[in-house]
Amino acid sequence: MNPIDRLQALPRERFAFLPTPLVELPRLSARLGGPHLWMKRDDQTGLGFGGNKVRKLEFLVGDALSRGCDALVTSGAGQSNHCRQTAAAAAAVGLGCVLALGGEEPEGPSTGNLLLDRLFGATIRWCGPRRKGERVGALLDELRAAGRRPYEIPYGGSNEVGALGFVAAMGELKAQLAERRMEDATVVVASSSGGTQAGMAVGADLFHLPVRIVGVAIDKDEGAGGPYEAQLANLANRIASRLGMRVEYTADRFDVRSDYLGGGYGVVGDLEREAIRLVARAEGILLDPVYTGRAMGGLVDLVRRGGLGPGEPVIFWHTGGAPALFARADELLP
Ligand SMILES: Cc1ncc(COP(=O)(O)O)c(C=O)c1O
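Numbering of the sequence shown is given in our numbering, commencing with residue 3 and proceeding in unit increments.
This is the structure:
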């Protein structure tokens with residue numbers, strides 16, 4: 003079977019509203035005076051307020067159901083978009099959902115993604131400083147001991163199953179770019195646990211789409227799997243081998259900009275605040291405080307420094323996350 007047929011034959015739950023729109027940003031382009039800007043609206047994937055994880059969850063939940071599992075278990079920050087979309091996906095197919103969230107249980111009413119996790123019926127375990135799944139092993143044991151069949155989804159849904167959602171997304175993008183004769187566009191995207199950027203790189207090769215992909219790093223590289231670019235190459239190789247593709251990825255294939263980490267993961271600074279307000283006021287589109295605000299801040303800086311040329315087609319891939327705005331109200335307005 004060729005790799006495209008293999009991708010199409012894998013178990014998949016069709017949660018997302020696809021294709022997501024590819025829209026022009028005329029007022030933002032004029033304000034920045036640089037490239038011709040477009041936006042791929044994955045904030046509109048539909049399920050549970052949308053976002054990039056819905057694409058990954060199509061393949062992850064497909065896999066979970068094909069294995070007869072009865073609960074999804076994953077991890078993330080207290081305001082994780084990934085966890086909220088996982089909780090929605092579990093509800094949509096009648097699975098249980100257990101979330102291992104970083105931090106302590108906040109006082110006062112639940113807000114933002116946490117409110118939504120609870121509305122979707124997820125069980126929440128607070129894990130203190132550990133937000134990347136360090137406690138999930140113990141949770142899985144506990145569930146198995148209680149007779150459940152849990153399915154583990156890694157932090158960010160970023161393994162060779164979840165990332166297939168972004169391999170498939172590049173086939174979708176190819177059709178949209180072909181219509182507009184823009185196949186050589188640059189894609190700018192927030193990059194954190196890696197499944198989005200690694201999946202895009204493999205998908206671009208699979209569908210012969212010559213886009214340039216620029217990832218804006220959101221979280222500092224903690225070094226466990228080596229430098230972030232090496233982690234992306236490793237994941238890309240696992241995805242490609244799952245599809246039977248004969249390619250070998252190395253770290254230098256990945257363009258990652260790590261200049262915008264500011265005060266660290268989830269810390270809203272002037273870069274994020276200004277980017278969120280700029281796009282809201284120029285285009286009536288909401289970014290989020292952790293990922294797309296930072297990635298757009300990076301894009302604006304790249305334009306100002308001449309890294310994205312005048313008239314060049316540039317696609318900002320909106321990966322979602324706006325529900326977290328409500329949890330950060332006092333940091334977003336002056
Ligand atoms: C809104 C948003 N954008 C981007 C990302 C990053 O995607 P990935 O973890 O696949 O690199 C995430 C995931 O955590 C997210 O929630």
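The beta-carbon is built from N, C-alpha and C at its ideal position, and this holds for glycine as well.
Distance between Leu117 and Ala147 (C-alpha atoms, nearest Å): Taking the Cα positions, Ala147 is about 29 Å away from Leu117.
C-alpha distance - Leu121 paired with Gly309, whole-angstrom precision: 43 Å
Where the beta strand (DSSP E) through Asp2 begins and ends: Residue 2 lies beyond the residue range present for the chain, which begins at 3 and ends at 336; the question has no answer from this structure.
Buried or exposed (CB count within 10 angstroms, at least 16 for buried), Thr252: exposed
8 Å Cβ cutoff met for Ile317 and Met41: yes
CB contact flag (Asn54, Cys85, <8 Å): No, Cβ-Cβ distance for Asn54 and Cys85 is not below 8 Å.
DSSP beta-bridge partners of Phe318: Met41 and Val190
Gln10 versus Glu162 - alpha carbon distance: 15 Å
Cβ separation of Leu67 and Glu15, assumed to be a contact under 8 Å, to the nearest whole Å: 7 Å
Distance between beta carbons of Phe61 and Leu208, contact taken as under 8 Å: Actually they do not touch by this definition, with Cβ atoms about 15 Å apart.
Proximity to Ala326 [Cα-Cα], best of Gln87, Leu101 and Ala102: Nearest option by C-alpha distance: Gln87.
Beta bridge counterpart(s) of Val100 as assigned by DSSP: Beta-bridge partners assigned by DSSP to Val100: Val75 and Thr125.
Candidates Leu304, Trp319 and Leu263: closest to Leu289 by CA position: Trp319
Cβ pair Val204, Ile241 closer than 8 Å: yes
Spatial distance of Leu179 from Glu185 (CA atoms): Each residue's Cα considered, the two are about 5 Å apart.
Any non-hydrogen atom of ligand 1 closer than 7 Å to Cys260 Cβ: The question names Cys, but residue 260 is Ser in the sequence shown. Of the heavy atoms belonging to ligand 1, none sits nearer than 7 Å to the Cβ of Ser260.
Spatial distance of Val302 from Leu145 (CA atoms): 46 Å
Backbone CA spacing between Phe168 and Gly110 [nearest angstrom]: 37 Å
Ser193 beta carbon near ligand 1 (any heavy atom closer than 7 Å): yes
Asp290 CB to nearest heavy atom of ligand 1 below 7 Å: Checking every heavy atom of ligand 1 against the Cβ of Asp290, one is found closer than 7 Å.
Length of the line joining the Cα atoms of Tyr262 and Cys71: So the two alpha carbons sit approximately 39 Å from each other.
Cβ neighbour criterion (16 or more within 10 Å) applied to Pro131: So Pro131 ends up on the exposed side.
Element boundaries [alpha helix (DSSP H), containing Ile278]: Asp272 to Glu285
With 16 other Cβ atoms within 10 Å as the buried cut-off, status of Pro312: exposed
Sheet register partners of Tyr230 (DSSP bridge): Bridge partners of Tyr230: none, in fact.
Nearest neighbour of Met172, chosen from Arg57, Phe328 and Val249 [CA to CA]: Arg57
Nearest-angstrom Cβ-Cβ length linking Gly362 and Ala93, presumed shorter than 8 Å: Here the chain comprises residues numbered 3 to 336, so residue 362 is not present and cannot be evaluated.
Selected residue, minimal CA-CA separation from Gly164, among Leu334, Ala200, Ala90 and Arg151: Here the closest residue by C-alpha is Ala200.
For Leu24, the first and last residue of its enclosing beta strand (DSSP E): Leu24 to Glu26
Cutoff 6 Å; reference Tyr105; Cβ partners in own chain excluding five residues on either side: Per the sequence presented here, residue 105 reads as Gly, with Tyr not at that position. So the qualifying residues of the chain are Gly80.
Proximity to Pro23 [Cα-Cα], best of Gln233, Phe328, Ala235 and Leu175: Leu175
Bounding residues of the beta strand (DSSP E) (the contiguous stretch that carries Pro152): Counting along the chain, the beta strand (DSSP E) containing Pro152 begins and ends at Pro152 to Glu154.
Heavy atom of ligand 1 within 7 Å of Gln178 beta-carbon: no
Rounded C-alpha distance that separates Ala2 from Gly228: Absent from the structure is residue 2, since the part of the chain shown begins at 3 and ends at 336.
Endpoints, alpha helix (DSSP H) assigned at Ile220: Counting along the chain, Ile220 sits inside no alpha helix (DSSP H), nor does DSSP assign it H or E at all.
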